[in-house]
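First up is the structure itself, then whatever we jot down about it.
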Amino acid sequence: MTRKLVSFRLADDVRQALKERAGTEGISITELINRLLRQSLFESSTNSMNANSTIEVRLSVLEVIIQEIIKRTDLGQPNTEWQTSSSSTQPRQEVEQKLVEMEERLEKMSAQLSAGVEESRQNLRQLAKAVAVAVAYEKNSAADNTEQEAWGNQKSQDTFQGYRSNSTKPVSLNDLRKLLKSDD
């Protein structure tokens, strides 16, 4: 492969960004420009059917990337986009620490959710028991009403509770009198 000397003008910021990137990759600026142009040309030829893959578009994208690099260097941010993972172990340790902290938070949240679910289950069980008692009471009340209708709809304000047990039924005075007369 032969090389020809080509002269063109670059903006100072573009030249500086190319110099920094070439330094991080350990190659010369000329080699970096050759790689970027080859990559752009190769991508353009493989995507020749696509109107957006022209050389001008690729170069404008490259200019945008270079401008972003310049902004990062002006702000003092490290250019991590082209760094290898072995160049800095400090950020990796920080990421691992953050990951451990996030896992601990997730475990705490999971435990809290489990406790909440268990409490909800207990509340549902208590509610189911209360509903069952209410339904049973309603059935007993309905049975008492039909029993009173069977005895002739005799209504009395006074009722006798009978002895205390788990299932007490109110008994009307007329029913009590009938029971007492049957014993004689």
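Read in order, the letters of the sequence shown are residues 49 to 232 in the numbering used here. Just so you know, even glycine gets a beta-carbon here, dropped at the ideal spot from N, CA and C.
Excluding five sequence neighbours on each side, which residues of the same chain lie with their C-beta closer than 8 Å to the C-beta of leucine 110? If you number the sequence shown from 1, residue 110 lands on position 62. Excluding sequence neighbours, leucine 110 sits near Leu84 and Ser88.
Cβ of glutamate 68 within 9 Å of Cβ of isoleucine 117? As a first step, residue 68 must be located in the sequence shown, where it is residue number 20. As a first step, residue 117 must be located in the sequence shown, where it is residue number 69. Yes, these two residues count as a Cβ contact at 9 Å.
Within 10 angstroms of the Cβ of arginine 106, are there 16 or more other Cβ atoms? Answer buried if so, exposed if not. Residue 106 sits at position 58 when you count from the first residue of the sequence shown. By the 10 Å Cβ count, arginine 106 comes out buried.
Suppose you measure from the CA of threonine 78 to the CA of lysine 119; what does that come to, to the nearest Å? Here residue 78 refers to the residue found at position 30 of the sequence shown. Here residue 119 refers to the residue found at position 71 of the sequence shown. So the two alpha carbons sit approximately 23 Å from each other.
Contact check, isoleucine 114 vs aspartate 61, beta carbons under 9 Å: Locating residue 114 in the sequence shown gives position 66, counting from the first residue. Locating residue 61 in the sequence shown gives position 13, counting from the first residue. The answer is yes: Cβ separation under 9 Å.
In three-state terms, what does DSSP make of arginine 86? Counting from one through the sequence shown, the residue named residue 86 turns up at place 38. Correct three-state label for arginine 86: helix.
Using the rule of at least 16 other Cβ atoms within 10 Å of the residue's Cβ for burial, across every protein chain shown, is alanine 190 buried or exposed? As a working note, residue 190 is residue 142 in the sequence shown. Exposed.
Going by beta-carbon coordinates alone, are leucine 58 and leucine 66 separated by less than 9 Å? By one-based count along the sequence shown, residue 58 stands at place 10. By one-based count along the sequence shown, residue 66 stands at place 18. In this structure, leucine 66 lies closer than 9 Å to leucine 58 by Cβ.
Applying the criterion that 16 or more other CB atoms from any shown protein chain within 10 Å of the CB defines a buried residue, is serine 55 buried or exposed? Along the sequence shown, one-based indexing puts residue 55 at 7. Flag for serine 55 reads exposed.
So what's valine 109 in DSSP terms, helix, strand or just coil? Translated into the one-based positions of the sequence shown, residue 109 becomes position 61. In this structure, valine 109 counts as helix in the three-state DSSP scheme.
Member of Ile81, Glu73, Thr72 and Gly74 whose CA lies at the smallest distance from the CA of arginine 51: Within the sequence shown, residue 51 is the residue found at index 3, counting from 1. Ranking the options by Cα distance to arginine 51, first place goes to Ile81.
Would you say threonine 121 and glutamine 64 are within 9 Å of each other, going by their C-beta atoms? Reading the sequence shown from its first residue, position 73 is the one you call residue 121. Reading the sequence shown from its first residue, position 16 is the one you call residue 64. Contact: yes.
Bridge-paired residues (DSSP) for serine 29: Summary: the structure shown does not reach residue 29, with the chain confined to residues 49 through 232, and so no result is reported for it.
Quick check on the burial criterion: 16 or more other C-beta atoms within 10 angstroms. Buried or exposed for arginine 225? Within the sequence shown, the letter at position 177 stands for residue 225. The residue is exposed, with fewer than 16 neighbouring Cβ atoms inside 10 Å.
What number of angstroms, rounded off, separates the C-alpha of glutamate 152 from the C-alpha of phenylalanine 90? On the sequence shown, position 104 is the one that residue 152 refers to. On the sequence shown, position 42 is the one that residue 90 refers to. Near 47 Å, if we compare the C-alpha coordinates of phenylalanine 90 and glutamate 152.
Sequence-distant residues of the same chain with beta carbon closer than 7 Å to glutamine 205, five excluded per side: Here residue 205 corresponds to residue number 157 of the sequence shown, with the count starting at 1. Reliability fails at glutamine 205, whose pLDDT of 44 lies under 50, so the model's placement of it is uncertain and the value that follows must be treated cautiously. Excluding positions up to five away in sequence, the list is empty.
Taking the alpha helix (DSSP H) that glycine 74 belongs to, which residues open and close that run? Taking the first residue of the sequence shown as 1, we reach residue 74 at position 26. No alpha helix (DSSP H) contains glycine 74, which DSSP labels as neither H nor E.
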